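Chains as they are written, first to last, in my numbering: chain Y, 1 to 189; chain Z, 190 to 378.
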DNA sequence: TAAGAGTTCTTGAGAGTTCAACCATTCTCT
DNA sequence: AGAGAATGGTTGAACTCTCAAGAACTCTTA
């Protein structure tokens, strides 16, 4: 329905389409075939819609972004509800800078506190406050519910498991010495 | 490895953990069981890493963000390489405002042009320029390659297909009259 | 045809993110 | 010990996105 029918065209367009081949095949390894293309597009569309939905829900119900929520969750799961900034950043796939800014804003709302590390003078520990924990407890049900409505409950058990497994592999990323293929990749610095 | 062992704690923490139950079960429908939790986390981690990697690649090789790249792709696939702003926004899951800003920046670099609609005075058509098309052609191989390295080539055909199918369902989203479940969801305005 | 309501897009301000310095501390090596 | 490199974190400016308001147009209805 949102798809535009190319057949409507009065002028012929067979300029080489960089993303799709008419015969649905990938002649060399450089393009994606139809199935790969479909999967990739579905991923892009689905993940942005999902992200959108969850952010909206959290924003509306708790005045919080998904990023902030995830900070709370990680801290709540850590011993002493404490984590080094760098570990937190690594787990969340945040840049250090992003985490610094995010945590500063959360500190302003008393959700977390920062304390310099005793054993490493460079380090800073981020600690979940009681306020932060209480906020998480109030917020969690609504969030989990949204995750269910927008993903978990839409899929069968098998589908969800398959999705999880695939994404776990994607999260791992390419092995460092994987073939960098045509024209990209760092030329061994 | 990144997982923190709660057993290490010297103080007992059995405050109700908002995201995880010790027995790995979801007593009512409100929480996620272990498998669901794993899948969800894998999705979060994988999608942010993937997004990161692709953005970096495009930024480095073409000085462009993934958002901008997608604009180019959609336009290149459309008749006359033209799309109404609103259609483009809908396809990309961008807010109108976001698209306006993005397109303005791209217009500054001569990648696209804007023309007011002939048939609807409110509408604006976004048109891919020759420069934009050429840029897309130069950029596409590197990008496709990155998509392969960071996703497609990491999965078996079946895994990729399963991922695509699941994400297509997620993209559909919950059916409008789906049970809103506990305490959230719009109360029929 | 004129008022009101809805649509399409833009604008500007505010909030979040990134990038490139930067400071402080710790590690390494001689 | 001390120079240099590496690590951990912060800062501020530039950039991007969101939100609320507004401008221009079309549709409906009386």
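Where is the CB? At the ideal position from N, CA and C, for every residue including glycine.
All of these numbers come straight from a predicted model, not from anything done at the bench.
Would residue i be called buried (16 or more neighbouring beta carbons within 10 Å of its own) or exposed?
i, result
"residue 212 of chain Z", "Here the model assigns residue 212 of chain Z a pLDDT of 47, short of 50, so the residue's position is not dependable and the matter cannot be decided."
"residue 334 of chain Z", "buried"
"residue 164 of chain Y", "buried"
"residue 290 of chain Z", "exposed"
"residue 81 of chain Y", "buried"
"residue 293 of chain Z", "exposed"
"residue 37 of chain Y", "buried"
"residue 231 of chain Z", "buried"
"residue 121 of chain Y", "exposed"
"residue 196 of chain Y", "The shown model of chain Y, from 1 to 189, leaves out residue 196 of chain Y, and the question about it has no answer."
"residue 166 of chain Y", "buried"
"residue 148 of chain Y", "buried"
"residue 126 of chain Y", "buried"
"residue 216 of chain Z", "Unreliable placement is indicated for residue 216 of chain Z, whose pLDDT of 48 sits below 50; the coordinate value is still reported in the next sentence. With fewer than 16 other Cβ atoms within 10 Å, it is exposed."
"residue 265 of chain Z", "buried"
"residue 78 of chain Y", "buried"
"residue 235 of chain Z", "buried"
"residue 245 of chain Z", "exposed"
"residue 321 of chain Z", "buried"
"residue 365 of chain Z", "exposed"
"residue 63 of chain Y", "exposed"
"residue 257 of chain Z", "buried"
"residue 328 of chain Z", "buried"
"residue 379 of chain Z", "This structure cannot speak to residue 379 of chain Z, because chain Z is shown only from 190 to 378."
"residue 198 of chain Y", "Nothing can be reported for residue 198 of chain Y, as the shown portion of chain Y is limited to 1 through 189."
"residue 115 of chain Y", "exposed"
"residue 228 of chain Z", "buried"
"residue 70 of chain Y", "buried"
"residue 118 of chain Y", "exposed"
"residue 59 of chain Y", "exposed"
"residue 98 of chain Y", "exposed"
Put residue i into one of helix, strand or coil per three-state DSSP.
i, result
"residue 154 of chain Y", "helix"
"residue 222 of chain Z", "coil"
"residue 232 of chain Z", "helix"
"residue 292 of chain Z", "helix"
"residue 175 of chain Y", "coil"
"residue 95 of chain Y", "coil"
"residue 210 of chain Z", "Legend: pLDDT at residue 210 of chain Z = 44, less than 50; position of this residue unreliable, no value from coordinates given."
Legend entry - Segments of 4+ residues assigned as alpha helix (DSSP H) that fall wholly inside the stretch 61 to 91 of chain Y: 66 to 77
Exercise. Could you name the residues of the stretch 230 to 241 of chain Z whose beta carbon sits closer than 7 Å to any beta carbon of chain Y, in the order they occur along the chain?
Key: 231, 232, 234, 235, 236, 237, 238, 239, 241
Point to revise | Ordered list of beta strand (DSSP E) runs contained in the stretch 110 to 172 of chain Y, each at least 3 residues | key: 112 to 116, 124 to 128
- In the stretch 341 to 358 of chain Z, which residues sit with their C-beta less than 8 Å from some C-beta in chain Y, listed in chain order? 341, 342, 343, 344, 346, 348, 349, 350, 351, 352, 353, 354, 355, 356, 357, 358
Requested in this report: Taking only beta carbons into account, state which residues of the stretch 270 to 303 of chain Z come closer than 7 Å to chain Y, listed in chain order.
Outcome: 279, 280, 282
Using a beta-carbon distance cut-off of less than 7 Å, what residues from the stretch 308 to 332 of chain Z approach chain Y? 325, 326, 329, 330, 331
* Asked: What are the residues of the stretch 250 to 261 of chain Z that lie near chain Y, defined by any Cβ-Cβ distance shorter than 8 Å?
  -> 250, 259
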